[in-house]
Each structure stands twice: as structure tokens, then as C-alpha cells.
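Notes follow once the structure below has been shown.
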Amino acid sequence: MTWRYALIIDPVATDVRGTDHAATFRVVDPSAPALSIGELSTQRGDGIFESIGVVDGHAQEVGPHLERLAHSAALCDLPAPNLDQWRDAVAVVASQCPPGECVIKLILSRGIEHGPTPTAWVTAAVAPDNTAVRERGLRVVTLDRGFDSGAPVRAPWLLLGAKTLSYAVNMAAIREARRRGADDALFVTTDGVVLEGPTSSVILRFGDRYITPEPGAGILHGTTQMSLFAHLRDLGHDAAYETVHTDRLGEADAAWLVSSVRLAAPVAAFDDVSLAVDADVTASLNAYLLRPRD
Ligand code: PLP
562 MTWRYALIID
572 PVATDVRGTD
582 HAATFRVVDP
592 SAPALSIGEL
602 STQRGDGIFE
612 SIGVVDGHAQ
622 EVGPHLERLA
632 HSAALCDLPA
642 PNLDQWRDAV
652 AVVASQCPPG
662 ECVIKLILSR
672 GIEHGPTPTA
682 WVTAAVAPDN
692 TAVRERGLRV
702 VTLDRGFDSG
712 APVRAPWLLL
722 GAKTLSYAVN
732 MAAIREARRR
742 GADDALFVTT
752 DGVVLEGPTS
762 SVILRFGDRY
772 ITPEPGAGIL
782 HGTTQMSLFA
792 HLRDLGHDAA
802 YETVHTDRLG
812 EADAAWLVSS
822 VRLAAPVAAF
832 DDVSLAVDAD
842 VTASLNAYLL
852 RPRD
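Residue numbering for the sequence shown follows our numbering, starting at 562 and increasing by one per position.
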């Protein structure tokens, strides 16, 4: 059986200092039942999560992931996570990871129905082998996300910038992409604005300029995209947030879907328009992403 690890956390409030966090962690058997039947995460997808890449025991970009966890918690009216406690939990779990690539998941659920506290846990598993997908190029179809570009401001209850556990729509989009003979999807608004993939951010290159959609557009602010933009700027490239309309997709010189575990997957086509896969740039982006990053 492949390696897995799980830790249940007893959440500590943000204003509680000096707690021995190790005493609030309980290692559990990852293959045994551990959640109550009344869990709102399983009943309603009511909770938030993060997926953190781990390379040779080093958890990548923990700070930005924890900041996004706190942001998602605020959007969902969940109690603010104590980030010192979560950071300690990530360190404990990362120290157990075998060499190579793993994935750590942080989950904060609203808890048990009528229960007093949220439920929280951290898991780790060996990451799937993404070597091929980082090289060969994805065929990507654009899919209507069903809202217009004004929705994030007009309807905050849609939780569009939160990484909630309600990923059924995202998984359905990937199945639809496969039905259409593609590998992955790219969500777009009803008025033709590019958003993100179901599990990734999109980065487009026009000449020497790298662009990605604004995080306020109802998408997640990707930790991988942020890290890559900092790296590209260090190398002297122009990297910027922009509103991107679908008609520009086919004009890109290159494009990638980027995320914490798959890293930078080059795009070989958006719908029926082929794109050149820039093998050298892709290899150097992934070499950067595989180095220890904080
Ligand atoms: N957008 C969505 C909807 C995602 O699910 C993810 C990652 O899972 C991303 C973007 C990329 O985020 P990150 O780079 O932090 O993994």
C-alpha cells in the first residue's frame, strides 16, 4: 500500500499563546474511520482546505498557503485558524514524508452539526508521478463557469475566492474536459473573461510578458503562480495581473496551468487552437518549483 499519514488537530484560538501545540495533535491511522457521522465537511462540503507540495521533506510555500487558509476561513465565517499551530502541524507531518514528492492537505471543517468547535486535520500522501504531464503539454478546453465577471463583487456568498471543500463542480469540469477529448479545463465567465483551471491557475506568455488573471476576479490566488511571478521578476521578466478575454488565449506564445503538486504543466492547445510548448522555459520553471521554497 502507498504511504499515508494523518494527524487530527484540536484547534487553538488565535489569541491563545504559549500552548504546546504538539499536545493538540493526535496521530491517527489513515486507513481507519476518524470522522464523526455528523461532520459538516462530508455532509455539506462546508469547510476549507489547502494542498501543499512537499519535495524531499520540505513543505513548499507554507506561509502563503497558511495565509490563504486564513483568507478562506474569513470568507466562510469560520473561526480564524491559529497559524502557529497549523505551521507546527505541517512541520510534524513534513518530517514524516518519505524522499521524493508528497502532498500535505490541511482541512478545516465547520465541525459536527450543533457541535461546539470546528474539526481540523492534516494528511500526507505520496504525490502522483507528474513527470510526463510537466513535459508533454495539456489539451485544454474552455468551460463556462456560469457567472459573469461582476459576480464576485455582486454575490460574495458564492465564496468565489475561497478554497472550500465543495469541489464537486471542479471535478465535474475535468470529467467534461475528458469527455471532449481534452486533458483539463479552463473556466471562463459568461462574458468571456478567463478565470482559472478547476485545480490550477493559468499563466500566459506574450513575448517576454507573463500574465495571469486578477485574483479579485473570483478565483483563488495561486501560491505557485505567486512564487513563479516573483522568480520571473527576479530574472528580469515582466509579470503582471490582467483581465484576459478568451479571444487572447490562442494568441499566447506559450501558456501553463500551474499548481502546488502538478507544478507547471504546459498547454498544447486551448480548444481548437494549438500552442507551441516551450520545453526549455517549462523545464526551468519546474526546476525552480522543485527547489526548496518558503
Ligand atoms: N485554482 C484552483 C481552483 C485550485 O484548486 C488550485 C489548486 O489546487 C489553484 C488555483 C492553484 O493554487 P496553488 O498554486 O496554490 O496550488
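Think of the CB as a built atom: it goes at the ideal place given N, C-alpha and C, for glycine as much as any other residue.
Query: So the alpha helix (DSSP H) A791 belongs to, where does it begin and stop?; Result: T784 to D795
Query: Please give me, in chain order, every unbroken run of the alpha helix (DSSP H) with length at least 4 that falls completely inside the region 720-768.; Result: 729-740
Query: Does the Cβ-Cβ distance between G722 and L781 come in under 8 Å?; Result: yes
Query: Pick helix, strand or coil for H626, following the three-state DSSP scheme.; Result: helix
Query: Do you know how far the Cα of A826 is from the Cα of L818?; Result: 5 Å
Query: Is E628 near ligand 1, in the sense that its beta carbon is under 7 Å from a heavy atom of that ligand?; Result: no
Query: Inspect the beta-carbon positions of D709 and T750 and report whether they are closer than 8 Å.; Result: yes
Query: When you measure from the CB of P689 to every non-hydrogen atom of ligand 1, does any distance come out below 7 Å?; Result: no
Query: Indicate whether C658 and A641 have their beta-carbon atoms separated by less than 8 Å.; Result: no
Query: Could you check which residue in A801, G614, L726 and Q646 has the C-alpha nearest to that of D576?; Result: Q646
Query: Quick one: is H675 buried, meaning 16 or more other Cβ sit within 10 Å of its Cβ, or exposed?; Result: exposed
Query: If you draw a straight line from the C-alpha of V755 to the C-alpha of P679, how long is it?; Result: 34 Å
Query: What is the C-beta distance between D607 and R671, in whole angstroms, given that I count them as a contact (C-beta under 8 Å)?; Result: 5 Å
Query: How many angstroms separate the CA atom of G862 from the CA atom of A746?; Result: Outside the displayed span of the chain (562 to 855) sits residue 862, for which this structure offers no information.
Query: Which first and last residues belong to the beta strand (DSSP E) in which W817 is found?; Result: A815 to S820
Query: What's the gap between the Cα of E628 and the Cα of F610?; Result: 12 Å
Query: Report the option in T585, C637, A734 and A791 whose CA atom is closest to the CA atom of L719.; Result: C637
Query: With S644 as the anchor, note down where its alpha helix (DSSP H) starts and where it stops.; Result: The residue asked about is misnamed: residue 644 is Leu in this sequence, not Ser. L644 to A655 is the span of the alpha helix (DSSP H), which, as asked, contains L644.
Query: Starting from the N-terminal side, write out each stretch of the beta strand (DSSP E) that is 3 residues or longer and does not extend beyond the region 581-645.; Result: 586-589 and 608-616
Query: From A584 to R648, what distance separates their C-alpha atoms?; Result: 14 Å
Query: So, do the region 787-795 and the region 839-854 have three or more beta carbon pairs nearer to each other than 8 Å?; Result: yes
Query: Closest by CA to I764, which one among V616, P677, T804 and V653?; Result: T804
Query: To the nearest whole angstrom, what separates the beta carbons of D839 and A801, a pair I think is in contact under 8 Å?; Result: So it is not a contact: roughly 19 Å between Cβ atoms.
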